[in-house]
Amino acid sequence: MTHPLLTQGHIDAYQRDGVVLVKGLFADHLDTLRAGIARNMEEPGEYAAENLKAGEGGRFFDDYCNWQRIPEFEQVIRTSPAAAVAADLMGSERVQLFHDHVLVKEPGTSKPTPWHQDGPYYFVEGTQTVSFWSPLDPVRGASLRCVAGSHRWDRPVLPTRWLAETSFYPNEEDYRPVPDPDAEGMDVREWEMEPGDAVAFHYMTLHGARGNETTARRRAFSLRLLGDDARYVERPGPTSPPFPGHGMAAGQVLREDWFPVIHERSAQVAKAG
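All you need for this note's numbering is the position in the sequence shown, starting with 1, plus 5.
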C-alpha cells in the first residue's frame, strides 16, 4: 500500500526522472529540525565546512554525519515518514540510513552550489537510492535544481572539490565533464517550496542550487537513504563522507551497526495486520 503522501504518479516520476517533489514530508517535524540545525551550527562536527572563498559575501555552511550526536536529527529520522516514503519511491523492501546532511545559506550568499552527482563521492552504488532535500524556510529563489533523467546517464559526472575546484579522484578520464545544464538546454526541475516539503532525488541525479540573494535564511536538511540493492564499492581515493575504519569489502551490504535499517515493509505489513 502506497504511503498517503505519495501517488503512483510520484513513484513513476521518480523512477523515470530520478527526481520528484514530495509535499509536506517533514511538515510535522519543523521545530525539531530547526532546533537540530541550531545545535549543529553551534557545535559543528568534524566534517563541518564553510564553502566560500575570501571576498565572497554571505555564509554557506554545511555539515554531515551528525545524527548520532544530535538527538533532534535521530528523532526525525526514526519518527518521520521519510523512510516509508523512500521505500515506495525506490521499490525497496527495506531502507538503510546512510547519513544526514545540513546546508545553510545565509542571506546575501550569491554563490551557487556547483552542479554535481552525489553518487561518485560515495562508497556505495545501487539503483535503489534516494536523497531528500527539505528546506526549513520558504524557498522562492535559493532552490535545489535537478536534471531529469541524469541518473540514467552512461557515465558519471566528474566529482570535484567545491572550493579548490579540482578533481576528487585521480581517474578523471572515467568521468564525463561537469556540464552546464542551462546552456545545454537540459530538463532542469526546480520548485517553489514550503518548509517541510522535500525534493526526492537519486544519488546519480545531477543537481545544484542557486545562491541565496534573498533577505531570509535558507536552511536545508538532507537525508540519504539506501535500498535493497545498494552495495559497498571501492573508490580510487577517500570518499565523502569517508567513514574511516568501516572494514567493509566490495559487494557487501553496508554494515547495519553503522548504517541501521530504519524501515522494513514486511514488518509494517505484519504490524498493520
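By construction, the Cβ of each residue, glycine as well, lies at the ideal position given by its N, Cα and C atoms. The model shown is predicted, which means the values in this text are computed figures rather than measured ones.
Residue burial classification, residue i (beta-carbon count within 10 angstroms, cutoff 16)
| i | result |
| --- | --- |
| A275 | Legend: pLDDT at A275 = 48, less than 50; position of this residue unreliable, no value from coordinates given. |
| E55 | exposed |
| R160 | exposed |
| D262 | exposed |
| N71 | buried |
| H15 | buried |
| T134 | buried |
| D33 | exposed |
| T118 | buried |
| V223 | Contrary to the premise, residue 223 reads as Arg rather than Val in this sequence. Buried, since its Cβ has 16 or more Cβ neighbours within 10 Å. |
| T220 | exposed |
| A59 | exposed |
| G131 | buried |
| A255 | exposed |
| G124 | buried |
Residues that DSSP places opposite residue i in a beta bridge
| i | result |
| --- | --- |
| N217 | T114 |
| L26 | V204 |
| Q122 | In DSSP, Q122 forms no bridge with anything. |
| V107 | D68, F226 |
| V162 | R181 |
| Q13 | Looking at the DSSP assignment, Q13 forms no beta bridge with any residue, so it has no partner. |
| S139 | F226 |
| S172 | T165 |
| Q101 | L231, V266 |
| E130 | R236 |
| R145 | Partner(s): none; R145 has no beta bridge. |
| R150 | G213 |
| R157 | In the DSSP output, where bridge partners are listed per residue, R157 has none listed. |
| R194 | C151 |
Proximity winner among the options, relative to residue i (alpha-carbon distances)
| i | options | result |
| --- | --- | --- |
| E48 | R215, I267, R74, F206 | R74 |
| G41 | V27, F128, E77, P9 | E77 |
| F173 | R44, D185, Y126, D179 | Y126 |
| A91 | L30, S115, W120 | L30 |
| E177 | R194, W158, V162, F128 | V162 |
| V193 | G216, P175, S148, L141 | S148 |
| E269 | H8, Q101, T7 | Q101 |
| A188 | W120, M198, P164 | W120 |
| A43 | G60, L11, S115, D68 | D68 |
| I82 | K116, T37, A53, L57 | T37 |
| R240 | P184, Q257, V183, V129 | V129 |
| P175 | P112, M253, G216, G242 | G242 |
| M6 | G146, D93, L259, V25 | D93 |
| R215 | E79, P112, V27 | P112 |
| F248 | H104, L11, E79, Q80 | H104 |
Within the stretch 32 to 97, note down every full beta strand (DSSP E) run reaching 3 residues or more, in order along the chain. As far as the stretch 32 to 97 is concerned, its whole beta strand (DSSP E) runs of at least 3 residues are 65 to 69.
Evaluate the contact criterion for the stretch 132 to 152 versus the stretch 217 to 236: three or more CB pairs, one atom per stretch, below 8 Å. The count of Cβ pairs closer than 8 Å, one atom from the stretch 132 to 152 and one from the stretch 217 to 236, reaches three, so the stretches are in contact.
Spell out a yes or no on whether the stretch 10 to 27 and the stretch 146 to 154 are touching, meaning 3 or more CB-CB pairs, one atom from each, closer than 8 Å. Verdict: yes, contact present.
Inter-stretch contact at 8 Å, needing at least 3 Cβ pairs: the stretch 106 to 115 / the stretch 81 to 96: The answer is no - the stretch 81 to 96 does not touch the stretch 106 to 115, with fewer than three Cβ pairs under 8 Å.
Do the stretch 88 to 105 and the stretch 191 to 202 touch if we need at least three Cβ pairs shorter than 8 Å? No, they do not touch.
Start-end ranges of the beta strand (DSSP E) lying completely within the stretch 197 to 274, minimum 3 residues: Runs found: 203 to 206, 212 to 214, 223 to 231, 266 to 269.
Examine the Cβ distances between the stretch 235 to 242 and the stretch 58 to 68 and report whether three or more of them are shorter than 8 Å. A contact between stretches requires three or more CB pairs, one per stretch, nearer than 8 Å, and the stretch 235 to 242 fails this requirement with the stretch 58 to 68.
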